[in-house]
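Before any comments, here is the structure.
There are 2 protein chains.
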Amino acid sequence: MDKLGAMRTFTLVVDHGGFAAAARELGLSRSVVNRAVMGLEQSLGVQLLTRSTRKVAPTETGLAFYDRCSQIISAVDDTLRSVRESVTSVSGRLRINAPMSFGTLRLAACVAAFMADYPDVHIELVLSDRAIDPIEEGFDITLRISEPLSSTSLVVRPLVPIPRLLCAAPAYLKRRGMPANAAALVDHDCLQYGYSGSQHYWRLHNGQGGTLRSFKIACRLWSNNGEVLKAAALAGQGIALLPKFLIDDVLSDGTLVPVLPDYLPTQLTLSALYPRHRHLSATTRVFVDALSDHLSMVAAKV
Amino acid sequence: MDKLGAMRTFTLVVDHGGFAAAARELGLSRSVVNRAVMGLEQSLGVQLLTRSTRKVAPTETGLAFYDRCSQIISAVDDTLRSVRESVTSVSGRLRINAPMSFGTLRLAACVAAFMADYPDVHIELVLSDRAIDPIEEGFDITLRISEPLSSTSLVVRPLVPIPRLLCAAPAYLKRRGMPANAAALVDHDCLQYGYSGSQHYWRLHNGQGGTLRSFKIACRLWSNNGEVLKAAALAGQGIALLPKFLIDDVLSDGTLVPVLPDYLPTQLTLSALYPRHRHLSATTRVFVDALSDHLSMVAAKV
DNA sequence: CTTATTGTTGTGTATATTGCGACAATCATT
DNA sequence: AATGATTGTCGCAATATACACAACAATAAG
């Protein structure tokens, strides 16, 4: 018998004051409970019980062992029960914040699947591209696409990498020509994410694993929304640096084509942020798990 | 695999970040560690790890489970180690107090056997028939023969029953006659344990399981030492109420004979008393265990 | 004294656990 | 890009284990 099972039967023997009583309690034969505590005693090299064929009493060592066994067993049971319940007790409201385009293109399917699996969960999904304070606004989970970040007030859990690439419409490239290298970007119309005050350069790896450099760009359009940039690129208005998930559809049919494929943008990461609680709510835990799984599966398929 | 073993392998998988690494660590094949965590997941109905064939990372639930597993495993290991060590770490000084005659007749053999088994223990055995304060005098173990007692400042552990009986020398009985019943004891010379101020009666059961009554006695000798009473009885000076272990030798050869065997004295109990500590010293624990075993064995043989 | 129950041990059988091999998927290196 | 090594997973056969049943000695109850 395994160690934990032996400890269990041992405590039962002590509780019921006999091997037979414990055997009845367990629905097993007396042999196994006898062998269990014998094996325990042999393994420990200590006599745990004084048996007088009719009365069974723990020795002093056995009593000390009994106490600690009880603690361990209840700890194990508590743990197993708590984990099991964390599945069934997935219910209640779940407030989620996520970026706009990611929300519509990827998260929507995840949320729908999750709702199907867990009917007792009410979801409140707020999509916004502005930076928010998850604690202030009372979100259980905040999803962010960014470079690796760390925070003390929030727990950051990286989920999946978000690859990006440079792309443009064939019409634009025909009109303006394919840039020979990244330095040539400064002579092109670039479509940049963010606000006009922000970066005037793109940081690109020169080939796979190459050195990371900043290349000056000329921006014709700024937007804090990826779909706007995508639309502009589709309209032949310039070169955009966009996450792959945003343009998978238009890449496959050639409406947009990769630009400078040897220059890899810094990889972003989708992270889940949540308040630093000692014990995460089961609902949050399970949702993040499901999300991570779903996204990994999708990433593997594409 | 058993639950605890599965938890062990699971934590190893998380620690080493892979099934193969954990398998190497355990010296087992990859199949078993795979099956272990799969069985765990199935038993819990929860996915604990996200596997991407090349990278293994715990899910949020898995992480919570991992924490609690670690606690449990270290608790189990600590417990087992502590119990195992309680055998080998039996050493140091052990101050024991015991009644005089019990000490010489029974305890001496126990102590000798214990010393042979545990060479690292130094024993200080103080025999005295006066009542002492075990805490005050710094005894680790105090042995008492008395009626069932309870105490708040001390832990009382009953070890073995101490049967007693009435006896006298054949010469005395020939001279004074065998008492017809317990009431006749008042016309005999009785040899009483204790001090002159103490009891002037013996409490006897009238037959097996009979009612308990006090019978007045006439005391010719008081002593706080059983051997004195025994010597007096042997010299034909009266009837004594003595513990069986004190007179086993002289009963078997007829030098003393039972008197009024239908009247059973109240049964005394040998108890071990020790200071109420939260964690009993291993030495104390093992000594009391050994003592209990030894005495039970002797009692069974006689 | 009898009877029923206890702890213990031996034995056969059924279940489960293990290791090996194969497979597909992935990362590292060329 | 392609190869090689390594990963997680799964099927299969050999083995090991755990279990119940039965028999025995010892004890408590009627």
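So the protein lines, in turn, are chains A and Y. Going by numbering that gives the first Met the number 0, the residue at position 19 of the first sequence is 18; the numbering climbs one at a time, nothing skipped. Going by numbering that gives the first Met the number 0, the residue at position 255 of the second sequence is 254; the numbering climbs one at a time, nothing skipped. Glycine is no exception: its CB is placed at the ideal position from the N, C-alpha and C atoms. Quick caveat: nothing in here was measured; it's all calculated off a predicted structure.
- For residue 5 (chain A), the enclosing alpha helix (DSSP H) has its first and last residue at 2-15.
- Residue 180 (chain Y) sits exposed, since fewer than 16 C-beta atoms from the chains shown fall within 10 Å of its C-beta.
- Closer than 8 Å to the CB of residue 284 (chain Y) there is at least one CB belonging to chain A.
- Residue pairing from DSSP places residue 91 (chain A) in a beta bridge opposite A:120.
- By the Cβ-count criterion, residue 193 (chain A) is exposed, with fewer than 16 other Cβ atoms from all chains shown falling within 10 Å of its own Cβ.
- Around the beta carbon of residue 21 (chain A), 16 or more other beta carbons sit within 10 angstroms, so the residue counts as buried.
- Sequence-distant partners of residue 134 (chain A) (beyond 5 residues in either direction) whose C-beta falls short of 6 Å from its own C-beta, in its chain, are 274.
- Using a Cβ-Cβ distance cut-off of 8 Å, the stretch 174-191 of chain Y and the stretch 232-241 of chain Y are in contact, since at least three pairs of beta carbons, one from each stretch, lie closer than that value.
- One Cα belongs to residue 168 (chain A), the other to residue 146 (chain A), and the distance between them is close to 27 Å.
- Three or more pairs of CB atoms, one per stretch, sit closer than 8 Å, so the stretch 287-296 of chain A contacts the stretch 51-62 of chain Y.
- Distance from the CA of residue 69 (chain A) to the CA of residue 10 (chain A), rounded to the nearest whole angstrom, comes to 7 Å.
- Not one beta carbon of chain Y lies nearer than 8 Å to the beta carbon of residue 212 (chain A).
- Distance from the CA of residue 228 (chain Y) to the CA of residue 97 (chain Y), rounded to the nearest whole angstrom, comes to 18 Å.
- Residue 34 (chain Y) is outside the set of residues whose beta carbon lies under 8 Å from a beta carbon in chain A.
- Contact residues of the stretch 56-68 of chain Y toward chain A are 56, 58, 59, 60, 61, 62, 63, 64, 67, 68 (C-beta to C-beta distance below 9 Å).
- Residue 26 (chain Y) and residue 13 (chain Y) have their C-alpha atoms some 17 Å from each other.
- DSSP, reduced to helix, strand and coil, places residue 210 (chain A) outside both helices and strands of the structure shown, so it counts as coil.
- A direct Cα-to-Cα measurement between residue 79 (chain A) and residue 64 (chain Y) gives close to 8 Å.
- Counting only the Cα atoms, residue 40 (chain A) lies some 23 Å from residue 119 (chain Y).
- Chain Y places no beta carbon closer than 8 Å to that of residue 268 (chain A), leaving this residue out of the contacts.
- Put simply, of A:92, A:183, A:173 the residue whose alpha carbon is nearest the alpha carbon of residue 140 (chain A) is A:92.
- Between residue 122 (chain A) and residue 95 (chain A), the beta carbon gap of about 7 Å places them in contact (Cβ cut-off 8 Å).
- Under DSSP, residue 167 (chain Y) takes part in a beta bridge, and its partners are Y:256.
- A distance below 6 Å between beta-carbons, with the five flanking residues on each side excluded, links residue 231 (chain Y) to the following residues of its chain, in chain order: 190, 220.
- Between residue 258 (chain Y) and residue 166 (chain Y) a beta carbon distance of about 6 Å is seen, short of the 8 Å cut, so the two are scored as contacting.
- For the 8 Å CB-CB criterion, residue 265 (chain Y) and residue 211 (chain Y) form a contact.
- Spanning the alpha carbons of residue 281 (chain Y) and residue 155 (chain Y) requires a straight line of approximately 17 Å.
- For residue 83 (chain A), the nearest beta carbon of chain Y is closer than 8 Å to its own beta carbon.
- Close CB contacts of residue 262 (chain Y) within its chain, under the 6 Å cut and outside five residues either way in sequence, are with 181, 203 (chain order).
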